[in-house]
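Structure first, then comments.
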Amino acid sequence: MSTSIPKIVVLGAGYAGLTTAKRLTKQLTAEQAEIVLVNKHNYHYETTWLHEVAAGTINPNQARVMISDVVSPNRVRLVYDSVVKINKDEKRVVLENSEIEYDYLVVALGFESNDFGIKGMAEHAFAIEDIDSSRLISEHIEYQFAKYNNEENVSEESLNILVGGAGFTGIEFVGELAQKVPELCKKYDIDRSKVRIINVEAAPSILPMFDKELVDYAKKSLEDRGVELKIGAAISEATSEGFIVGDDKELIKAGTIVWTGGVKASSVLGESGFELVKGKVNVNSDLRPEGVEDMFVIGDCSWVWNKEADRPYPSTAQLAMQEADVVAANLKALITNQPVEEFVFSDKGTVASLGHSDGIGNVMSGYKLSGKSAAAMKKVVDNRSLFLLGGAKLVLKKGKFRPF
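The sequence shown begins at 1 in full-length UniProt numbering and counts up one residue at a time.
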């Protein structure tokens, strides 16, 4: 290893990794540390916008941010490659095309879809994981409409869009579909009543992070716009035709099948020998795994314990960006022989969109929003994350300003 200045390697340029790299350039001088950011692509994508890409309500490029627009390549060495394995003992990261050594490592490799072992799900369902997978979904949906319009003897069931999971991503996705489907029906001269948008959830309610009043609002909003919510219906199997659900093994057929029911940390962690709990790494309050001094694991790769609630914090963009602030400060502390600080989450609230001009939210310590005010707040939240990432310039370039 280098005996001159320490090398900090950040893996992943999602909210957690890119914000960490950005904050490190403010916390440390070039003489204090070398900063390396490794990412598969030369862009960051707004994960919280992927459901819009998947529904086709925004262009994929709007959700994409060039990494070099956020961190200067003159200050951060940018390596565009895929991570294969982390060798903790040798302090080395194996990439597809090279290897890289580190003094300090920040693991922020993001998430993969978690199908919880449901038979056939990985083979037959799309997943909203990144820009490319999300774009494939919107293209597939439109292809089904075009095929129905242009070919004879095409089943109406091919127009159905079946979504598994009624958490944040699933509900925001069907909210966008409720907006997009009428546009596709008009474009391809198809009667709206022929298209079903079906959301299937094993739990007794949608959006478990919200109270009953807001959940009831969301259900009515979606159902009024033609979304069918099948709650308390566990999926036992996914087939090429659809989902088999419930005790009576009903087959719900669809031309487009999308699974949004859960995520887990990047598979690189398991393959690198990390101990995983429900698909992620448990970290201490300083965001390091137990007994590890030179590594932080953040974002969708880790569980951070909420001591007050006695459960992990849910993985969100605001959590990831706040973790990045603490990691950057703690790396500076380690390099300058100062004590590290504990992570304390400051909850700014939660807002879920139900399409372009509708939503629900809890903000400012429990203040409830619904309808257009929640949709407007969602845009504020989205623009704020852009601002925290790249300042006013990035907000002007990528921000959401469209009227209702």
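A virtual CB, placed ideally from N, CA and C, is assigned to each residue, including glycine.
So, using beta-carbon positions, are residue i and residue j closer together than 8 Å?
i: THR260; j: GLY361; result: no
i: ALA317; j: THR48; result: yes
i: ASP300; j: ARG23; result: no
i: LEU269; j: VAL281; result: yes
i: VAL93; j: LEU207; result: no
i: ARG77; j: VAL107; result: no
i: ILE235; j: VAL200; result: yes
i: LEU229; j: LYS220; result: no
i: residue 405; j: HIS44; result: In this structure the chain extends from 1 to 404, so residue 405 is not present and cannot be described.
Quick one: using the 10 Å Cβ neighbour count with 16 as the cut-off for buried, is residue i buried or exposed?
i: MET1; result: Confidence in MET1 is poor, its pLDDT being 44 and thus under 50, which makes the residue's placement unreliable; the coordinate value appears in the next sentence. MET1 comes out exposed.
i: ASN150; result: exposed
i: GLY273; result: exposed
i: ASN160; result: buried
i: GLY242; result: buried
i: MET295; result: buried
i: ARG192; result: exposed
i: GLN143; result: Looking at the sequence provided, one finds Tyr at residue 143 rather than Gln. Per the 10 Å Cβ criterion, exposed.
i: GLU90; result: exposed
i: SER68; result: exposed
i: GLU46; result: buried
i: ASN42; result: exposed
i: PRO6; result: buried
i: LYS180; result: buried
i: ALA320; result: buried
i: THR29; result: exposed
From the DSSP output, which residues share a beta bridge with residue i?
i: LEU389; result: BP columns for LEU389 are empty, so no partner.
i: PRO312; result: TRP305
i: THR256; result: ILE161
i: ARG77; result: VAL36
i: GLU96; result: Answer by DSSP bridge pairing: none, since GLU96 is not bridged.
i: ILE231; result: GLU201
i: VAL65; result: HIS44
i: ILE360; result: ALA352 and SER370
i: TRP243; result: Inspection of the sequence shows that residue 243 is occupied by Phe rather than by Trp. Paired residue(s): ALA238 and ILE252.
i: ILE8; result: ILE35 and TYR104
i: LYS332; result: Beta-bridge pairing links LYS332 to no other residue.
i: VAL83; result: LEU95
i: LYS119; result: GLU237
Give the secondary structure of residue i by DSSP, where H, G and I count as helix, E and B as strand, and everything else as coil.
i: THR350; result: strand
i: ASN282; result: strand
i: ARG288; result: coil
i: MET1; result: Because MET1 carries a pLDDT of 44, less than 50, the predicted location of this residue cannot be relied on, and no value is offered for it.
i: TYR188; result: coil
i: TYR102; result: coil
i: residue 406; result: Outside the displayed range of the chain (1 to 404) lies residue 406, so it cannot be described from this structure.
i: VAL71; result: coil
i: LYS88; result: coil
i: MET295; result: strand
i: PHE145; result: helix
i: ALA125; result: coil
i: LEU276; result: coil
i: VAL263; result: strand
i: ALA16; result: helix
i: PHE343; result: coil
i: LEU269; result: helix
Could you say which of the options lies nearest to residue i if we only look at CA atoms?
i: GLY366; options: GLU201, LEU136, PHE210 and SER272; result: PHE210
i: ASP115; options: GLU139, PHE126 and LEU105; result: PHE126
i: ILE100; options: MET121, GLY291 and VAL38; result: VAL38
i: residue 405; options: THR239, LYS194, GLY262 and LYS400; result: One cannot answer for residue 405 here, as it falls past the ends of the chain, which runs 1 to 404.
i: TRP303; options: TYR313, ASP294, MET295 and PHE296; result: TYR313
i: ALA376; options: SER357, LEU386 and PHE111; result: SER357
i: GLU237; options: ILE252, ASP224 and THR336; result: ILE252
i: ASN97; options: LYS7, VAL200, LEU109 and ASP81; result: ASP81
i: VAL395; options: THR20, GLN62, LEU50 and GLU176; result: GLN62
i: ALA54; options: ILE35, GLY17 and ASP130; result: ASP130
i: GLU341; options: VAL277, VAL70, THR239 and SER285; result: SER285
i: residue 463; options: TYR104, GLU156, LEU105 and ILE257; result: The question about residue 463 has no answer, for the chain in this structure spans 1 to 404.
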